Every structure is written in C-alpha cells, then in structure tokens.
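Chains as they are written, first to last, in my numbering: chain A, 315 to 502; chain B, 14 to 565.
We treat Cβ as the ideally placed atom computed from N, Cα and C, and that holds for glycine.
This structure is a prediction, so every number in the text was calculated from the model and none was measured.
Input: a single structure, listed below in structure tokens.
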Amino acid sequence: MDPPIFYSKAEFIETDTGNKVSRRATIAGPQNIILGGKTIISSGAIIRGDLRRTGPGHAVVISLGRYCLVGEGCVMRPPYKTYRGNFNYYPMKIGDHVHIGANSVVEAATIGNHVEIGKNCVIGKFTIIKDCAKIADNTIVPPNTVIPALALFSGSPGRFTQDLPESTQEMVEAATKTYYTRFQPLDR
Amino acid sequence: MAPSIHYHCPCLSSSPVPPPPHLASSSCSFHALHTLFFCEECDAVRCNRCVSVEVSGYYCPNCLFEVPSASVRAEKNRCARNCFLCPNCRNTLSVVPSDPPEDDGRSSIPLSAIGEPPFFLYCNHCRWDSAEVGITFEKPTGLAAQLQRFEDSASDSLEFERLKEHFEPFLRTSSLSSSSHLPTHPSHHTRTSSITAAASAALARDIPGVGRYNTANPLGRSRGKDKSVNKDEMPEYRSRVEIGASGMAGDAEFMKHIEDVGEVAGLEQRWINSWKSSLQTSDLKPLRIPLHSKVSKRCPTCTHILIKPEQKAQSVRYKIKLVAANYLPAITVALPHMQTQDATKRTVAKSTPDEDKGASATMYAGKTYAFHLALTNPLYDPIQVRLSVQRMHVAVSSDGTIPEKARRPPFAVSLPTSSFTVAAFAEAWEYEDDEDMFGVEDDELGLESPRKSGKDKDGRGKTKTVGVLEKKANLTVVGGEVVIGKEARGNVKFNMLVSYTYRSDDPAPPEDDDVPRSPMKGPEVKTFAFYTVVDLGAISPKEVLQVVDLDF
C-alpha cells in the first residue's frame with residue numbers, strides 16, 4: 315500500500331544481515347559498533363564508536379538492535395562522566411525497533427525496544443528510555459532523565475505528557491518493519 | 014494532510030449510528046483503531062472514554078520503584094525515595110556532592126565513591142540547586158526522609174491533617190447511615206452526595222463566599238434537605254493558621270525592591286502548592302515526584318477485563334489485552350494521485366518542476382478522484398466484507414433549520430457494492446523471511462507501475478477504479494471514487510459502514526445432538542458491523558491554472 319522510499323543504490327552499503335549504511339554517514343570506530351540487522355543508518359549521521367572506554371581489550375561502544383533507523387544528520391555519541399577522578403565514556407545500548415528522527419543528538423545510556431524518537435531532539439547523557447516510550451519532535455531530554463515505559467515525553471525540558479496506548483508495541487513494530495521493506499534501492 | 018480513517022465507538026449516544034461527519038463534535042465519537050478495545054462478551058467496540066479504569070499498581074516514573082499501594086497514601090502519592098522535581102523547570106533533580114577541598118589542587122582523587130558532603134540537589138536543565146534555598150544533606154541517600162520533617166511541619170500539611178481529623182468521625186457516621194438511607198435518595202444521587210453536601214456546608218460556614226456560590230448551585234437544594242434531617246451537624250472547624258493578610262504586605266515590600274524577573278516565582282511554579290505560597294523564587298522547594306500508575310480496564314457494561322497489565326511496572330506485556338486491532342480489519346486510506354505525484358517528485362523531480370509544484374496532493378472542486386482502501390484481516394479465518402457509505406442524515410434533523418446547502422454533501426462517493434473477501438491472517442507471514450517479501454513487493458511494484466502510469470497519461474482515471482484492485486496475503490485493496498461538486502468546500506469526509514462476515518470461533522454443537530447440522534448450512538457464520546469515518550483531505554477551490562496544466 316505504501317509507496318517505497320527510494321535511495322540510490324550507490325550510496326548505501328548493505329550488509330549480510332540486511333543493515334543499510336549510507337556512505338555519507340560518518341562511522342567512527344566501526345569495530346566498536348554493533349548493528350543488529352535490518353538497521354538503516356541514513357546519510358549525514360555521525361556515530362562515534364571511537365569514543366571507547368579506556369582500558370585494554372575489546373569494548374562495544376554503541377550497539378543497535380534490529381529494525382532501527384538512525385535518521386539523517388543524527389549524532390550518536392556515548393555518554394561520558396568523570397567518576398572518582400577518571401574521565402570515561404560509557405557504552406550506549408539501543409534495543410530493537412528504535413527509530414531516531416532526523417537531526418537528533420543521542421547520548422543516552424540505554425534505549426529499550428520499540429522506542430520512537432522524533433526529529434531535532436536532544437537526548438542528554440545517561441538518559442534511560444524504557445520500552446515503547448516515545449519522544450516527540452523537538453524535545454530536549456536533560457541528562458540523567460529516566461523515561462518510563464509507554465510514556466510520551468515532549469517539551470524543553472522533556473516532561474511526561476501522556477500514556478501511550480496498550481498496542482504501541484505492535485504499532486511500532488509494524489511501522490519499523492514496513493519502513494525497512496519500503497526502503498528500496500533505485501539503480502539510477 | 015494524509016487521508017485518515019477513524020473507527021466509531023457508540024458510547025456517546027444511544028443510537029448505533031454515528032453522528033454526521035461534518036459536525037465538529039463527531040470527532041469525539043471516532044478513534045484511531047489502535048486506541049480501541051474489543052469486548053468479546055458484549056461483541057462490541059470500547060474506547061478509552063467508556064471503559065472503566067482501575068489502578069493495578071503504582072510506580073515512580075524516575076526511580077521506577079513499584080510502590081505498594083498500602084504506602085501510597087502515607088507517602089501522599091509521591092515518591093518517598095530520592096526523586097525530586099526541580100521547582101523551577103520540573104526536570105528531575107540529581108544529587109551531587111560538594112566540590113572536593115581545594116587545597117591539594119586538581120590532582121587529588123576523592124577517596125570516597127560518593128563524594129564530599131554536604132550533598133545538594135541540582136537541576137541539569139536550569140541549573141537550580143537546593144543550596145540556593147538552604148537545603149543540603151549529610152548523606153546522599155534517603156533524601157525524602159531527611160526532608161520529611163520540613164514537609165510535616167509545613168503549615169499546609171498540618172492543616173490538612175487537622176481537617177481530615179475533623180471530618181473523620183462525621184464521615185464514619187455518614188457512611189454507616191448512608192447505606193440505610195440510600196433507598197430514599199433519588200436514583201443517581203450517590204452515597205457521596207451527603208458527604209459532599211456536608212463538607213460544602215462546613216466550607217460555606219468557614220469560608221465566606223463559598224456559600225454564596227453554593228446556593229446558586231443545584232447542590233444547595235440537597236444541602237438544604239440534608240440540613241432538615243440534621244445530618245451535617247458538626248462542630249465548627251477553626252483553621253490553625255491565618256492566611257492572607259500578613260503575606261500581602263511582605264509581598265508588596267518584596268515587589269518594590271525587585272531587580273530581576275527571575276526573583277519572582279511564576280504562577281506555574283507555585284501552582285501545585287495547596288497553600289498560598291511566597292512569591293519569591295528563593296522560597297521554592299524541591300518537589301517529590303508524583304507517582305504514576307498502571308491501570309487495568311474493564312468493559313463498562315459487562316465488567317469483563319479488557320486490559321490487565323503485568324505486575325512489573327516497566328513491563329509492556331499484558332496478561333489480558335483485548336484490543337480492537339485483533340478483531341476488526343485494519344483499514345488504511347490512500348489517494349493514488351497523491352502517491353504517484355510523490356513518486357514523480359522523487360524520481361523525476363528535475364525534469365518537471367512546474368507540474369510537480371502545481372499538482373500538490375490536494376483535491377480540487379469539480380473533479381473526480383480515486384481512492385484506495387486497504388483492508389487487513391487480523392482473524393485466522395477469511396472474512397467477507399461489505400462497505401457502504403452512510404447516507405447523510407442532515408436532512409432528517411428534527412428542526413429542519415439546516416440551510417439548503419448543507420443538506421446535500423458536496424461530493425458523491427462510490428464504493429464497491431458487492432462484498433469481497435479478505436484472506437485469513439496466517440502467523441507464518443509474520444516470520445516469512447524478508448527475501449520472499451521483497452519478491453512479492455517487487456512483483457507488486459511491477460504490476461502496479463504500468464497501471465499507475467497509464468492512469469497518469471489519460472488523467473481521467475479511465476482504468477478500473479471502483480472494485481477490488483489487489484489481493485496479497487491477508488490484505489485486500491479496494492478502490493473507491495469520489496466525485497467532488499463544483500462548489501464543494503471543506504473536507505471530503507464521510508461515514509462508512511463496514512460489515513464483515515466470518516466463521517464463528519464458537520465450538521460447533523456436539524455431534525450427538527438430535528438434529529445433525531445440514532451440510533448445506535456449513536459452519537456457523539457471524540456478522541459484525543462497525544462505522545468508520547474516512548477523511549480524504551481538504552478540497553481546494555478550483556484553480557484555473559491547475560486545470561490548464563492537467564488538460565495540457
């Protein structure tokens with residue numbers, strides 16, 4: 315029913331697991347980034363996998379689940395703080411079916427499954443977003459905020475606005491899957 | 014705006030027929046499908062407006078602690094742990110330690126993990142901190158308990174406690190008497206009426222002005238009746254604290270010497286205080302975070318549970334979840350002329366910029382447009398669907414004062430008249446690998462594009478527009494057509510009755526029944542009908558330029 319969203323085939327790299335990553339996105343430290351599969355990284359997005367925790371060994375900096383979308387011009391940056399005098403970055407974990415609108419800046423610690431983040435949002439450091447929450451467009455979520463499950467947050471500072479319907483999970487899941495199937499290459 | 018479809022819940026009126034769509038108030042009766050519930054017992058749609066809601070658990074939205082309902086009242090519906098709202102901007106406050114002593118220089122590493130006392134609350138958004146208002150803590154835990162004594166000694170909470178004590182004996186007696194008294198009361202004057210009447214009577218005595226409003230109220234009548242029965246005889250309440258007069262002078266003095274707007278607390282900041290509070294920003298106190306609740310929902314008529322969440326506060330699963338989306342076919346509306354324009358915009362935007370600009374996704378008066386309705390069947394059995402447009406009931410209106418113009422809708426909608434099938438939902442499609450889905454998608458695209466382009470060429474929709482256009486898995490797309498009158502204004506918005514027949518899930522009568530079911534009859538079928546409102550978007554007045562463009 316919905317028309318496909320075309321992208322130029324030359325611009326995107328498709329991985330074995332169906333991730334589609336724009337060549338125009340800035341992916342720093344790709345070895346520290348995990349994409350769950352069928353996740354789309356749009357053009358102009360910046361993902362800072364290079365900001366890793368100090369210390370030896372392999373560190374996952376940013377992990378995204380399945381059917382996620384990082385919108386155009388988004389910045390994904392792991393949160394940082396100085397703890398006991400040591401400056402450090404902390405990993406960012408994002409669940410499945412998470413859509414992040416264009417030009418949002420995300421420094422959350424945890425984002426659950428089925429979360430929708432609107433356009434032009436700022437998600438402050440160490441924010442925890444629970445499952446099925448929704449952040450309206452242009453919301454500023456201050457650092458250390460906790461957003462409970464099935465809550466709609468909006469405004470500056472982002473505040474609880476209303477409860478979302480019980481069927482949010484199914485709705486978001488269907489929407490993210492449809493978006494992925496609509497996102498089709500165009501050879502031209 | 015994209016075309017939309019909403020489903021009707023008949024809870025607002027006694028008739029099952031929805032109000033005419035051109036009335037603004039009709040939007041109250043229509044809801045998005047995903048917000049609706051379905052009661053199996055009543056075989057009816059329920060909406061958030063009509064379900065009865067009960068709290069099944071409380072939690073703090075910040076620390077996500079699940080508060081046992083026993084302690085909710087004692088804690089005054091607010092989080093009694095470490096969660097506070099900024100009195101300035103309502104952001105959550107965080108506990109921060111003081112800066113480490115400066116003498117060893119920057120290199121010193123604090124030994125304790127929690128930092129140096131005293132601790133204070135700090136807002137990450139507006140930079141308010143509790144040290145400004147003289148609140149600091151010795152340890153960073155149990156802050157609410159540390160603040161408890163301030164809160165308990167506040168004049169408003171003391172006053173409220175006393176008020177409760179004052180009314181307590183009366184409430185007890187009235188709740189006893191009301192059970193015996195109930196039959197004599199008029200039907201829907203509930204038990205609480207005597208209590209509220211008594212309370213308002215007491216209020217009227219104590220606070221000048223309240224009584225004046227009350228007598229104008231219908232409540233005043235019942236109060237009078239109660240007085241005659243001597244039900245509200247109770248001692249006069251005397252407030253402990255005199256409010257008002259003393260504060261005013263201080264406020265005026267403060268306002269005289271004000272240097273910065275920020276010194277005055279905004280109305281929003283003082284709003285939630287139950288007591289008249291100081292005007293000064295420096296007197297604002299951190300607020301404990303109000304608790305949230307999980308709710309279960311019941312059908313208003315049969316009281317069967319429609320929604321029952323899992324106990325865990327942050328779980329998004331439900332023990333019982335009877336949502337309409339699992340029973341009614343989901344319908345989406347699309348205007349193909351809008352989509353083709355979208356597509357052209359994307360692909361060949363450069364070649365035809367003028368046409369692109371002119372042919373925006375609006376509908377013009379005096380033209381005919383096709384629209385698509387895609388029905389998705391959530392049931393495990395195929396359904397037979399019949400669509401019909403509800404006749405406008407404007408003319409039937411009792412007073413007959415409706416102007417001539419409004420009597421007839423300015424557009425005519427044609428829908429497929431015969432019923433059509435929507436195939437059953439099969440779980441397997443859900444898990445089918447996307448590779449296959451691509452195949453389907455591609456085929457479908459291949460089929461669709463020539464048809465679309467063909468229609469583009471002649472521009473009059475000579476291809477088949479009304480009828481079943483496409484079937485795919487449990488999705489059926491049907492086409493409809495709307496003819497817009499020359500003088501039409503407003504939105505193309507019409508009520509549509511959807512009735513569907515399906516094989517009943519109810520177990521068939523057992524075989525040992527005396528009358529064997531006739532083979533002709535087949536399985537038992539059920540029919541369910543519901544109303545929807547379809548909004549195809551606004552009609553633009555006819556543009557000469559546009560017409561020329563299209564003819565060309």
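Any Cβ of chain B closer than 8 Å to the Cβ of K433(A) would place that residue at the interface, and such an atom is absent.
Between N487(B) and the set N390(B), W284(B), L400(B), the nearest pair of CA atoms involves N390(B). For S84(B), there is no enclosing beta strand (DSSP E); the residue is found in the alpha helix (DSSP H) stretching over 82 to 87. The CB of Q327(B) comes closer than 8 Å to the CB of K444, D445, P462, A463 in chain A, given here in chain order. The beta carbon of F424(B) sits closer than 7 Å to the beta carbons of V495, V496, I497, G498, A501, V505 from its chain, once the five residues preceding and following it are set aside; these are given in chain order. Contact of L297(B) with chain A by beta-carbon distance below 7 Å is absent, the smallest such distance being about 16 Å. Per DSSP, A45(B) lies in no beta strand (DSSP E) and is assigned neither H nor E. Annotated three-state conformation of F163(B) is helix, per DSSP. Residues of the stretch 449 to 461 of chain A with a Cβ closer than 7 Å to any Cβ of chain B, in chain order: P456, P457, N458, T459, V460. A direct Cα-Cα distance of roughly 59 Å separates F133(B) from P29(B). Q498(A) is bridged by DSSP to F320(A). Against chain A, the beta carbon of Y331(B) has neighbours under 9 Å at E480, listed in chain order. At a cut-off of 8 Å between beta carbons, I320(B) contacts chain A. In this structure, V419(A) keeps its C-beta atom at 8 Å or more from the C-beta atom of T441(A).
C-alpha of A422(A) to C-alpha of I437(A): approximately 6 Å in a straight line. Secondary structure note for L488(B): its beta strand (DSSP E) is the uninterrupted segment 488 to 497. Scanning chain A for C-beta atoms nearer than 7 Å to the C-beta of L341(B) yields nothing, as the closest lies near 12 Å away. Using a Cβ distance threshold of 8 Å, H44(B) and C22(B) count as a contacting pair. For E430(A), the closest Cβ of chain B is not nearer than 8 Å. Counting C-beta atoms within 10 angstroms of its own C-beta, A343(B) has 16 or more neighbours from the protein chains shown and is therefore classed as buried.
For R380(A), no chain B residue has a C-beta closer than 8 Å to its own C-beta; the minimum C-beta separation is roughly 11 Å.
For R185(B), the three-state secondary structure derived from DSSP is helix. Not a single CB atom of chain B sits nearer than 8 Å to the CB of Q476(A).
The beta carbon of R283(B) does not come within 8 Å of any beta carbon belonging to chain A, so the residue lies off that interface.
In the three-state DSSP reduction, Q476(A) falls in the strand class (E or B). According to the DSSP secondary-structure assignment, I414(A) is paired through a beta bridge with V384(A), I431(A). Identification of chain B residues near R391(A) by a Cβ-Cβ cut-off of 9 Å yields none; the smallest Cβ-Cβ distance measures about 17 Å. Here the stretch 328 to 338 of chain B makes no contact with the stretch 89 to 103 of chain B; the two share fewer than three CB pairs at distances below 8 Å. In chain A, no part has a C-beta under 7 Å from the C-beta of V511(B); the shortest such distance is about 17 Å. Taking C-beta atoms as the reference points, I425(A) and V384(A) fail to come closer than 8 Å.
With a cutoff of 8 Å on beta-carbon distance, I361(A) and I355(A) are scored as near each other. At a cut-off of 8 Å between beta-carbon atoms, M406(A) makes no contact with chain B. With a threshold of 16 other beta carbon atoms within 10 Å, N75(B) meets it and is buried. The shortest CA-to-CA distance from T340(A) to any of M390(A), A359(A), V460(A) is the one to A359(A). When DSSP states are grouped into helix, strand and coil, L388(B) belongs to the strand group. Contacts with chain A (Cβ-Cβ distance below 7 Å) from the stretch 81 to 114 of chain B involve C102, R103, N104, T105, S107, listed in chain order.
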